[in-house]
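Numbering-wise (UniProt numbering), the sequence shown opens with residue 1 and increments by one.
For each residue, glycine too, the CB sits at the ideal point set by N, CA and C.
Computed from a predicted model, the values in this text were never measured in an experiment.
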Amino acid sequence: MKIVTIVGARPQFIKAAPLSLKLKGFLEEVIVNTGQHYDYNMSDIFINELKLPKPDYNLKVGSKSHAQQTAQMLIGIEEILLKEKPNMVLVYGDTNSTLAGSLASAKLQIPVAHVESGLRSFNKAMPEEINRILTDHTSSYLFCPTRESVRNLTSENITENVFLVGDIMYDATLLYKDLALQKSSVLEKLQLTNDKKNYYLLTIHRAENTDNPDRLFSILNVLNKLDKKIIFPIHPRTMKMISHFNLNHLLKHKNIILIDPVSYLDMLNLESHAGLILTDSGGVQKEAYMLKVPCVTLRNETEWVETTENGWNEICGYDSDFIYEKINSFKPPNSYEYIFGDGNSAGKIVNILSNYKK
Ligand code: UD1
Ligand code: UDP
């Protein structure tokens, strides 16, 4: 059996790593990198650090409008699928690379397996929501990370070949956490090794925040009021938009430590030692929960509703005062529930795919 795996954006390299390791020896995997992300520390750093096999193809699509980016991926992926003739195509998450992979293969009647299926924000202004819905409705195998994601599919009448396998990012966290904790290169470099549990970690990249000057202003404004250091590995999109809206002055406060995006092990290390995480990222919200670090989510809703149910993750939107208030009053709860499976999502997926009959 031959599988074509589509990756291209930062979190997809991370999600593909544990599954790719498990696929070895069971199935032939051909990896296609769409090139949606292309800076070294948004792409190859993960391939190298996590020892993901070097992609067999790189479409080098790069940054474009949604239509141009997705269309160029569709054309490139179709050519590869016609040549490779796989039995199945594996896609991850909810990016334009996910949609292009699922659409190209479904049109060629090649079954699609979607990892991280069934997530919904119920906010169709998010490009990711469109990508998720379309991908789930064109997929033949739907690998769900949480109970809620299975329920979402059921309510859209998708019930066949839906598998609750746990979250592949939980596999990755368990696989790499010890290694990450042995590494404290970023904290050392920043001379913050004595500040463990006494700094905030921030990531922002969601279009609804970066492309809206009021929201971006409001979020950056909070950073200027906080009394602890804020480590901010900044996504290139966010840096670009901060400059575009002339908001660079909001990054000058002495507590704001602006750094380039970091590797996965460095990120796990920074997350583990943070006192609190501020983010609009899906993956970072989950990792905060997995690592038992309180999280303030800079959005109005989340797909990862389970993380909010026992108080580890607070949905705070983008109002400066409200966020400030939440950060300062946040008390990590005493209760904790394991909501992302048993850390062997990859093993379950490989088992199911290995039993696939043409
Ligand atoms: C994409 C995904 C989002 C995911 C995120 C993970 C879509 C619609 N969005 O958002 O779901 O959460 O990746 O990080 O697929 N850029 C660079 N260098 C890079 C990559 C991007 O400079 O290596 C800049 C470019 O200016 C580009 C902008 O970032 O225009 C946005 O990149 P893009 O891939 O379109 O979307 P993301 O915001 O990264
Ligand atoms: N991440 C990383 N370095 C960074 C920021 C994030 O390795 O500088 C990792 C993070 O630990 C998580 C993933 O990237 O595993 C999340 O990706 P991102 O926030 O870009 O996208 P999302 O999850 O929102 O789609």
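Can you tell which of 197, 242 and 147 has its C-alpha closest to the C-alpha of residue 163?
Counting from 1 along the sequence shown, the entry for residue 163 is found at position 163. When only C-alpha atoms are compared, the closest one is 147.
Is the beta carbon of residue 36 closer than 8 angstroms to that of residue 92?
Within the sequence shown, residue 92 is the residue found at index 92, counting from 1. Within the sequence shown, residue 36 is the residue found at index 36, counting from 1. Cβ distance not < 8 angstroms, so residue 92 and residue 36 don't count as in contact.
Assign residue 264 to one of three DSSP states: helix, strand, or coil.
Locating residue 264 in the sequence shown gives position 264, counting from the first residue. In this structure, residue 264 counts as helix in the three-state DSSP scheme.
Count the CB pairs spanning the stretch 197-215 and the stretch 224-235 that are closer than 8 angstroms, and state whether there are at least three.
yes
Any idea what DSSP makes of residue 360, helix, strand or coil?
This structure gives no information on residue 360, because the portion of the chain shown stretches from 1 to 358.
Given a threshold of 16 other Cβ atoms within 10 Å of its Cβ, counted over all protein chains shown, does residue 244 qualify as buried or as exposed?
On the sequence shown, residue 244 is found 244 positions in, with the first residue counted as 1. Classification for residue 244: exposed.
Taking 7 angstroms as the line, does the beta carbon of residue 296 fall inside it for any heavy atom of the ligand UDP?
Along the sequence shown, read from residue 1 onward, the residue named residue 296 stands at position 296. Result no, Cβ not under 7 angstroms from the ligand UDP.
Beta-bridge partners of residue 144, as assigned by DSSP
Counted from its first residue, the sequence shown places residue 144 at position 144. DSSP lists 164 as partners of residue 144.
Counting Cβ pairs, one atom from each stretch, are 3 or more of them under 8 angstroms apart for the stretch 343-355 and the stretch 150-169?
yes
Using only the heavy atoms of the ligand COA, determine whether one of them is closer than 7 angstroms to the beta carbon of residue 284.
This structure lacks the ligand COA; its bound ligands are the ligand UD1 and the ligand UDP.
In the DSSP assignment, find the unbroken alpha helix (DSSP H) run with residue 129 in it and report its ends.
One-based indexing of the sequence shown puts residue 129 at position 129. Unbroken alpha helix (DSSP H) run through residue 129: 127-138.
State the DSSP-derived secondary structure class of residue 29, mapped to helix, strand or coil.
Here residue 29 corresponds to residue number 29 of the sequence shown, with the count starting at 1. Strand.
Taking 8 angstroms as the threshold (C-beta atoms), are residue 111 and residue 126 in contact?
The residue you call residue 126 lines up with position 126 of the sequence shown. The residue you call residue 111 lines up with position 111 of the sequence shown. No, these two residues do not count as a Cβ contact at 8 angstroms.
Give the straight-line distance between the Cα atoms of residue 70 and residue 332, rounded to the nearest whole angstrom.
Indexing the sequence shown from 1 puts residue 70 at position 70. Indexing the sequence shown from 1 puts residue 332 at position 332. Looking at the two C-alpha atoms, the distance is approximately 41 angstroms.
Buried or exposed by the 16-neighbour rule on C-beta atoms within 10 Å, applied to residue 141
Your numbering for residue 141 matches position 141 in the sequence shown. Per the 10 Å Cβ criterion, buried.
Unbroken alpha helix (DSSP H) run spanning residue 9, endpoints:
Translated into the one-based positions of the sequence shown, residue 9 becomes position 9. From DSSP, residue 9 is part of no alpha helix (DSSP H); its letter is neither H nor E.
Using CA atoms only, rank isn't needed, just tell me which of 215, 256 and 207 is closest to residue 223.
Taking the first residue of the sequence shown as position 1, residue 223 is located at position 223. Of 215, 256 and 207, the residue nearest in Cα terms is 256.
If you run the structure through DSSP and keep just helix, strand and coil, what is residue 310?
One-based indexing of the sequence shown puts residue 310 at position 310. In the structure shown, residue 310 sits in coil (DSSP, three-state: anything other than H, G, I, E or B).
Note down the Cα distance separating residue 350 from residue 113, rounded to an integer number of angstroms.
Here residue 350 refers to the residue found at position 350 when the sequence shown is read from its first residue. Here residue 113 refers to the residue found at position 113 when the sequence shown is read from its first residue. Each residue's Cα considered, the two are about 11 angstroms apart.
Hey, would you say the C-beta of residue 317 is under 7 angstroms away from at least one heavy atom of the ligand UDP?
The count along the sequence shown starts at 1 and reaches residue 317 at position 317. Residue 317: no, Cβ never under 7 angstroms from the ligand UDP.
Excluding five sequence neighbours on each side, which residues of the same chain lie with their C-beta closer than 8 angstroms to the C-beta of residue 129?
By one-based count along the sequence shown, residue 129 stands at place 129. Hits under 8 angstroms: 94, 120, 121, 122 and 123.
Is it buried or exposed, residue 280, if we count other Cβ atoms within 10 angstroms and call 16 or more buried?
Stepping through the sequence shown from its first residue, residue 280 is reached at position 280. Its Cβ being crowded by 16 or more others within 10 Å, residue 280 is buried.
Need the endpoints of the beta strand (DSSP E) that residue 193 sits in, please.
Residue 193 sits at position 193 when you count from the first residue of the sequence shown. From DSSP, residue 193 is part of no beta strand (DSSP E); its letter is neither H nor E.
Enumerated in chain order, which unbroken segments of the beta strand (DSSP E) with a length of 3 residues or greater are wholly contained in the stretch 165-250?
199-203 and 229-233
Residue 128 beta carbon near the ligand UD1 (any heavy atom closer than 7 angstroms):
If you number the sequence shown from 1, residue 128 lands on position 128. The answer is yes for residue 128.
With burial defined as no fewer than 16 other Cβ atoms inside 10 Å of the residue's Cβ, what is the status of residue 143: buried or exposed?
Residue 143 sits at position 143 when you count from the first residue of the sequence shown. Buried: at least 16 other Cβ atoms inside 10 Å.
Could you pull out every residue in the same chain whose Cβ sits closer than 6 angstroms to the Cβ of residue 58, ignoring the five residues on either side in sequence?
Translated into positions along the sequence shown, residue 58 becomes position 58. These residues qualify, in order along the chain: 33 and 35.
Quick one, are the C-beta atoms of residue 294 and residue 330 less than 8 angstroms apart?
Mapped onto the sequence shown, residue 294 falls at position 294. Mapped onto the sequence shown, residue 330 falls at position 330. The answer is yes: Cβ separation under 8 angstroms.
Can you name, in chain order, every residue of its own chain whose Cβ lies under 6 angstroms from the Cβ of residue 117, other than the five neighbours on each side?
Translated into positions along the sequence shown, residue 117 becomes position 117. Result list for residue 117: 136, 142, 143 and 144, in chain order.
Following a CB-centred definition, is residue 314 positioned closer than 7 angstroms to any heavy atom of the ligand UDP?
Here residue 314 corresponds to residue number 314 of the sequence shown, with the count starting at 1. No, the beta carbon of residue 314 sits no closer than 7 angstroms to any heavy atom of the ligand UDP.
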